[in-house]
Amino acid sequence: MFSGGHDGDITALAWSPNGAMLASAAKDKRLLIWSAKDQSIIARYEYPNVVDIAWHPTKNLASFTTSDGEVFISPEFVGEQYASLLRLPKQPAPFIHDPLAEISANASANNRRPEHTNGHRPLTSRPRRDSLNSLDELLDGEDEDVDDFVVDDDGAGYALNPGRKRPADDEDSVIGPPSKRSNLNFMRPHYHEPFQPGSTPWRGNRKYLCLNLIGFVWTVDQDSHNTVTVEFYDHEFHRDFHFTDTFLYDKACLNDKGALFSCPPKDDSLAVVFYRPHETWTQRADWRIQLPKGEAVLAMSLSDSFVTVTTTGNYVRIYTLFGIPYRVYRPKSSPIVTCASWRDYVLTMGNGPVGGDGNTKLLYTIENIKRDEICQNEDTVALPEGATVKSVFFSDHGDPCIYDSTGTLLTLLHWRTPSRASWVPLLDTKLLPRLSSGRKQENYFPVAVADNKFHCIILKGGDQYPYFPRPLLSEFEFSIPLTPPPTQKPKKQKKNKRRTGDDDDDMLLDDMTDEEESEEEEEEGEEEEGSETRKLEQSFVLKGVQSAQMSDLLESTKSTAGQRAQLARLEVDIDKTLLQMLAIECREGEDRGMRALELVKLMRDRTGRMIEAAGKIAERYGRTILQEKIRDVGEERVAGDGFEDD
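Residue numbers (UniProt numbering): 1 to 646.
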């Protein structure tokens, strides 16, 4: 039980509050988290000399101490994949019931009175009370004696306070009678937690306040104060700076124009928002604004035009870059989760209605602050069941993007037109070729989308957030998930031709070997051709998404000649990709003619040059019937009938 994880003596053990997980530390400098159900390791950390571990009673957080006198507080102690285990009810200790006894159980065993364990009485049935319409009956029907479900037979401490439903300091202990608390907790909706994009939780005494392509902001806890450092990637335009922080800022944003900070309220001090521009032609241009009493900053964003602050008072507060209050409003979806901004556009996310699984739907709104126009109003964020948003940001072209807990990067198409927006995947990191072997496990911390690439930080060892020293940025090309990644097949070794001395046997062996080699060559040729087709299909779909985004941008803004030329090049590239796919279909044979003709109909060219090129490809491969049908498509398109609905 719980074997194979440590190579040294155990120094600390701690059960999670519900007994679903066990944290262990040993002299091998490892801190492990185990699943109590199957005794498997679900997380690994490297911390030496750990002597004690303590779980938070309600949150995904743990603290541990070392023999050096250090105390570590670890938010998101359990990874997103297994965080749901913390929300389970109290779990039985492993092997409370002997599996062999359960297998050999028979009817007589069902009638036998079970023995009491550690003085606890077994679960007993309760006769029906009240009427069928009684609310008390519905609430109490299945939870009588639920406190006896976990038996603390090993003294691990996860069955607390015998005779009480919950510990006295539990936040839910004041809600309703004891027999109904577990039901009320089950009925309470699960909200999406607020987060600041680009930031990390505290780890030791350090924390990243902001990470993006401009630079990064980090802070160090010095007990009485913090020290904040702002560093840039391009030192030709901006100089690094650091300052002593007596306000204890915990959030930051950074762009080409300035840096934005905020601190939470504490005691009699109010929450403060502080903006510092990089350049100014006056003596003083930075400003501070205090929020009303009782409000704290949940998330904030900084664009070239506005400062956006979302607060615990369920307000969205908009300021100009010089601290002038511009707008204050309360969004419909609450509590607020996060926000992002680009130029005059602001995107806010909040909790919406509760779904059937007890989780709230995540809703978003996009509006143009300067024009006072709503682009998308309380639309749903497309997330699979159980997934959460890890980050939200605008790309360098101004398109909203999200990165979710499943490792998928999505962008929003047609978001400037109300009720037309749709979330389109750009990359699924689980399908990256670097992970195809299955031997490598990585997480990715999203940073930005720029130059048609996903910029991120690669995390190893089960980490969810980057730490110091400053990690390097990595970038991945977009790859829309259309097909599973190709599997790497082991190369077959050529068989040695051993001579037997019999000429007939040797000739038969040579013939069999030649046939096997020819079959392998044919299979390799088919795989290469299939790989080429997949790449072309990937390019076709991806360029279609990019073309749609560029077209929307030109329609809603004053387009430049360069932007119009870029859109024209994208459409030409799409048609060239279709021509390459057409050549492959023509090589395959006459039976692929209908698919080849469909490729021709997908072309966007209005001049007829691409249709003419398609006809030449069909002629080259001797596809006479296909060539005639392509000519008919070209004539219909010239006549103006090619784009009408069938």
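Glycine is no exception: its CB is placed at the ideal position from the N, C-alpha and C atoms.
Bear in mind that the values here come from a model prediction, so they are computed numbers and not experimental data.
| query | result |
| --- | --- |
| Candidates Q376, M594, E385: closest to P400 by CA position | Q376 |
| Three-state class that DSSP yields for K616 in the structure shown | helix |
| Per DSSP, the bridge partner or partners of R276 | A259 |
| Enclosing beta strand (DSSP E) for E373 [first to last residue] | 373–380 |
| Continuous alpha helix (DSSP H) assignments of at least 4 residues falling wholly in the UniProt domain "WDHD1/CFT4 helical bundle" (535–639) | 561–588, 593–601, 609–620, 624–639 |
| Rounded C-alpha distance that separates K251 from D605 | 49 angstroms |
| Through-space distance from G544 to A62, alpha-carbon basis | 47 angstroms |
| Same chain only: Cβ atoms within 8 angstroms of F232, ignoring 5 sequence neighbours per side | I214, G215, H238, R239, D240 |
| Exposure of N212, with buried meaning 16 or more beta-carbon neighbours within 10 Å | buried |
| Rounded distance between the beta-carbons of I584 and I611, thought under 8 angstroms | The Cβ separation is near 18 angstroms, so there is no contact. |
| Buried versus exposed, by CB contacts within 10 Å (16 or more), Q290 | exposed |
| Beta carbon of T380 nearer than 8 angstroms to that of L363 | yes |
| Nearest residue (CA-CA) to I369, options T320, G386, Y444 | T320 |
| Paired residues, beta bridge with S269 - DSSP | K266 |
| Between the CA atoms of S303 and F454 - distance to the nearest angstrom | 20 angstroms |
| CB contact flag (G79, G462, <8 angstroms) | yes |
| Which of helix, strand or coil DSSP assigns to A12 | strand |
| Cβ-Cβ distance between F72 and N60 below 8 angstroms | no |
| Within 8 angstroms, strictly: CB atoms of G19 and A36 | yes |
| Identified DSSP bridge partners for T308 | S301, I318 |
| Counted within 10 angstroms of its Cβ, other Cβ atoms place N205 as buried (16 or more) or exposed | exposed |
| Local conformation of L413 per DSSP, three classes | strand |
| Reduced DSSP secondary structure (H/G/I, E/B, other) of T429 | helix |
| DSSP three-state assignment for R203, whether helix, strand or coil | strand |
| Alpha-carbon to alpha-carbon, H397 and R534 | 27 angstroms |
| Buried or exposed (CB count within 10 angstroms, at least 16 for buried), Y403 | buried |
| Whole-angstrom distance between I374 and K390, CA atom to CA atom | 25 angstroms |
| Where T533 sits in the DSSP three-state scheme | helix |
| C-beta neighbour in chain B for I53, strict 8 angstroms | The chain inventory of the structure shown lacks chain B, comprising one protein chain alone. |
| 6 angstroms CB neighbourhood of A156 in its chain, flanking five on each side removed | With a pLDDT of 46 at A156, under the threshold of 50, the predicted position of this residue should be treated as unreliable, though the coordinate-derived value follows. W15. |
| One or two residues paired with H455 in a DSSP bridge | A448, E475 |
| DSSP three-state assignment for S333, whether helix, strand or coil | coil |
| Nearest candidate by alpha-carbon position, reference P94, set I324, A568, Q39 | Q39 |
| Meets three-Cβ-pair contact criterion under 8 angstroms: the segment 190–199 and the segment 422–433 | no |
| For P353, the first and last residue of its enclosing beta strand (DSSP E) | 345–354 |
| Environment of Q81 [buried if 16+ CB atoms lie within 10 Å] | exposed |
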